[in-house]
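Novice: Protein chains in written order, with the numbering used here: chain A, -1 to 615; chain B, 2 to 319. For every residue, glycine included, the Cβ atom is placed at its ideal position computed from N, Cα and C. Predicted model, so just to flag it, every value in this text is computed and none were measured.
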């Protein structure tokens, strides 16, 4: 007995000590960012190996930046000049630029960056295509043409192109500049930088990466935009948004973006949080398989334009999106995102209506009849499959597709929605060789701040883009559009170039290779203890969603006023969430407790009944 | 005994080989490879994708990859991770301590509490206490670990604000602080323990009931020994034999058993690494982990059988 008492006492002591007061001994100016959608690894700090560029982009600003409206502004470069014939680019660096270790940032760093990335980065070498030549001695098989880049003085870089390219400026001047004195001599295809010694020029530089757990970044006093008000930013990685949101609510994390829209309403109710929304450059759409037959040889009804139009007209997109995303979306009607500009001029094709196709199930039925798919006795015409995974749209995407399913049922189409794990779904949608084994697939694209990206990757069939592994999953193959795409890449005249992309958007609208769904509105939340956030287009070249702007990170600081419900930043009007989509923990707990109590009561009753029965026999 | 041991070892080696081959086959038949994860970025051209596959060695024929894999396992070269660009062995070794820190206390607690509870309720089978505790045990045993973890997180972290919301250490801790670690350990350990204790307690209970039914126990009672003495001196030693098997299995699972729990609490151990690497199709890490897990289980099984032979004089190995 004594032993047990002693044991119990020991356990109790441990528990009590463990539960002791939570030490809120945080450093005064640290911001903890909760990440649920991307888990960086050491390779994401390696400029040649990264494919999620978010962290490296915070560390290494580029020559140019973007403001909230998507217009190009100076960053490391104070000015740039493109010769009238489009063949010579001259960049002038700002005065007094320094790396975080005090070394000056010079034109040599830019030349080195371009050289090392084009030779060692399988992911990004193509950005320098206009000035590349074949070279069997490099990892990528390419290197920069000798003489293409010159550095007449430490503050000037001159680049010579053989022929004009409209995308070169954004692609390369918008790319992160890495320090020559740190990376010189390294083979970035085999080595990673050591976070504890990293050198950067951004507002915060990585200092420690705890694999799978967090990335700690220290403030860089040499940032060209000024010394940040915060001392540290810590990115903490979670595997699902539920855990991340809990951390946000307990105050362990103070900033989170890419929050699933269905959780926004519940978070907005919490007084310590400010919830806002920001339009980013991501478009979500449904790929339509354009091959006449599927992989198993069966006929693909979607290959017929009339069927595609019918599908578009049988969906009330606004209602579907509202039911799954609340107010967090912008209806999409064309291939380009709305905030897409070239040198300040918008490429949006305003003659495309919104919604692109009117909601008209009767017209849809007629089109299907015309296409040769009459309704049977039970109203069914044919079946289709849609493949998806729970990507950036989360479970709301599944709700969305289920609603699409019900709308299609009305016109006699039986849609089977197949949800797969990410890699499997991606293999099936993009990796598999055409003609693929699905009729429709849910996908998305994140643009760069150049109008070339969406058409090239969604509509173009150049360089195998419509084949296995290509992003043009539906197999759209239009030689005229291909020509327009190539023309767009080489036309530098603003009006002409914009006209080209508007034309492409118009063709895509008519050919309907994709069912455009929505442009993503990102939900962002932060703890009211912090102010100064300016969400919006940060480094859209690198970030796939409206990320923390470099310049705003400099200003973020702890608010003087104690956390109250009002704050200087506006909250977007959070409309009523559709029932069942707000994660209401209180109700959940009540229900669970009730269920448990019920079970126990039933068990007790059953026991006593059993006892009576046995006593009777 | 010697020949038995030799036979078992031989079978174990064969088994490990079969499992390793199956693992390879399964991972490679899962659709999509590491390059499909990269489609996150639309600007990866098919040529770049081919280049990346080449750097991973995935463009070689499957037989060649299999040969390299087996050779690697035998020579201790477990390949280089696609995402860490470091030897898989190093990546895994770095995460082992975190998992052990979670699993060992959990294992100890499970055994201690499980035995105590199991013994307590076996004294009067089908009594109200027994029924209540058994029902509760079934309740927790049937509960999915992920859900239980999330519920505990909600209650203790969100509602009561008593415990941290995940992770192994607070983000601001730069050195290892025992109490900070303890505070972070409680919830994931509770999740694991609740489920495993239930399992354990029920097992102990049923084997103890069996033992307490035996004639020699009746004799002991007839001799006038105290209930406590009977329980702990006579019954327990025999009743715990099946538990040894269970403990052996647990120990075998010690490195892999916490995948779902680690995911909920973002405990940076092997479970989380397994989860991440499978989703990313990081073959070297996944296959190395599976190999390591299967070896551990097979060896743990072997050792358990041998120990069992020593503990139970009725068992004779030939």
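1) Using the beta-carbon count (16 or more within 10 Å), is residue 483 of chain A buried or exposed?
2) Tell me which residue opens and which closes the alpha helix (DSSP H) that residue 246 of chain B is part of.
3) Interface residues of chain A around residue 254 of chain B at Cβ under 9 Å?
4) Between residue 142 of chain B and chain A, is the shortest Cβ-Cβ distance under 9 Å, so that the two count as touching?
5) Under a Cβ-count criterion, where at least 16 other Cβ atoms within 10 Å of its own Cβ denotes burial, should residue 478 of chain A be classed as buried or exposed?
6) Looking only at its own chain, which residues have a Cβ that is under 8 Å from the Cβ of residue 271 of chain A, when we skip the five neighbours before and after it?
7) Who are the Cβ neighbours of residue 169 of chain B in its own chain at under 7 Å, not counting the five residues just before and after it?
8) Closest to residue 290 of chain B by C-alpha separation, out of B/189, B/78, B/158, B/161, would be which residue?
9) Which value, in whole angstroms, describes the spacing of the CA atoms of residue 219 of chain A and residue 102 of chain A?
10) Rounded to whole angstroms, what's the CA-CA distance from residue 222 of chain B to residue 112 of chain B? Just pull it up for me.
11) From residue 263 of chain B to residue 210 of chain A, what does the alpha carbon distance come to, in whole angstroms?
12) What separation, rounded to the nearest whole angstrom, lies between the Cα atoms of residue 531 of chain A and residue 223 of chain A?
13) Does any residue of chain B have a CB that is nearer than 9 Å to the CB of residue 601 of chain A?
14) Can you check whether the C-beta of residue 473 of chain A is within less than 9 Å of a C-beta belonging to chain B?
15) Let's see if you can read the secondary structure: which residues bound the beta strand (DSSP E) around residue 414 of chain A?
16) Under 6 Å Cβ to Cβ from residue 78 of chain A, same chain only, skipping five residues before and after it: list those, please.
17) What is the residue span of the alpha helix (DSSP H) that residue 72 of chain A lies within?
18) Where do the N-terminal and C-terminal ends of the beta strand (DSSP E) with residue 278 of chain A fall, by residue?
19) So residue 422 of chain A contacts chain B; which residues on that side make the cut at Cβ distance below 9 Å?
20) For residue 265 of chain B, go through chain A and note every residue whose CB falls closer than 7 Å to its CB, in chain order.
21) Runs of 3 residues minimum, wholly inside the region 155 to 212 of chain B: which ones carry the beta strand (DSSP E) assignment?
22) Does the CB of residue 666 of chain A have a neighbour CB from chain B at under 9 Å?
23) Nearest chain B C-beta to residue 208 of chain A closer than 9 Å, yes or no?
24) For residue 276 of chain A, would you say it is in contact with chain B, using Cβ-to-Cβ distances shorter than 9 Å as the test?
25) Would you say residue 121 of chain A reaches chain B, if we count a Cβ-Cβ gap shorter than 9 Å as a contact?
26) In its own chain, which residues sit with a C-beta less than 7 Å from the C-beta of residue 413 of chain A, not counting the 5 before and 5 after it?
27) Consider the Cβ of residue 118 of chain B: report whether some Cβ of chain A lies at a distance smaller than 9 Å.
28) Below 8 Å on C-beta distance, what does residue 211 of chain B contact in chain A?
29) By the 10 Å Cβ neighbour count, where 16 or more other Cβ atoms means buried, how is residue 24 of chain B classified, buried or exposed?
30) Using a C-beta cutoff of 9 Å, does residue 579 of chain A count as contacting chain B?
31) Under a CB-based cut-off of 9 Å, is residue 18 of chain A close to chain B?
32) State the beta-bridge partners of residue 157 of chain A as determined by DSSP.
33) According to DSSP, is residue 488 of chain A helix, strand or coil?
34) Which of the residues in the region 50 to 66 of chain B, read from start to end, lie with their CB under 7 Å from any CB of chain A?
35) I need the straight-line Cα distance from residue 207 of chain A to residue 213 of chain A, nearest angstrom please.
36) To test your reading of the DSSP string, which unbroken alpha helix (DSSP H) runs of 4 or more residues are found completely within the region 48 to 94 of chain B?
Specialist: So, from the listed chains and residues:
1) buried
2) 242 to 253
3) In chain order: nothing, as chain A lies at least about 20 Å away.
4) no
5) exposed
6) 246, 247, 265, 523, 524, 525, 526
7) 99, 182, 185, 268, 269
8) B/78
9) 14 Å
10) 28 Å
11) 11 Å
12) 15 Å
13) yes
14) no
15) 411 to 418
16) 89
17) Unbroken run through residue 72 of chain A is the beta strand (DSSP E), 70 to 72; no alpha helix (DSSP H).
18) 271 to 286
19) 31, 32, 33, 37
20) 241
21) none
22) In this structure chain A extends from -1 to 615, so residue 666 of chain A is not present and cannot be described.
23) yes
24) no
25) yes
26) 382, 384, 402, 403, 406
27) no
28) Neighbours of residue 211 of chain B on chain A: none; closest Cβ ~23 Å, over 8 Å.
29) buried
30) Legend: pLDDT at residue 579 of chain A = 33, less than 50; position of this residue unreliable, value from coordinates given subsequently. Residue 579 of chain A does not count as touching chain B.
31) The predicted model places residue 18 of chain A with a pLDDT of 42, which falls under 50 and marks its position as unreliable; any figure quoted below should be read in that light. True, the Cβ-Cβ gap to chain B drops below 9 Å.
32) A/87, A/147
33) helix
34) 50, 52, 53, 56
35) 5 Å
36) 63 to 76
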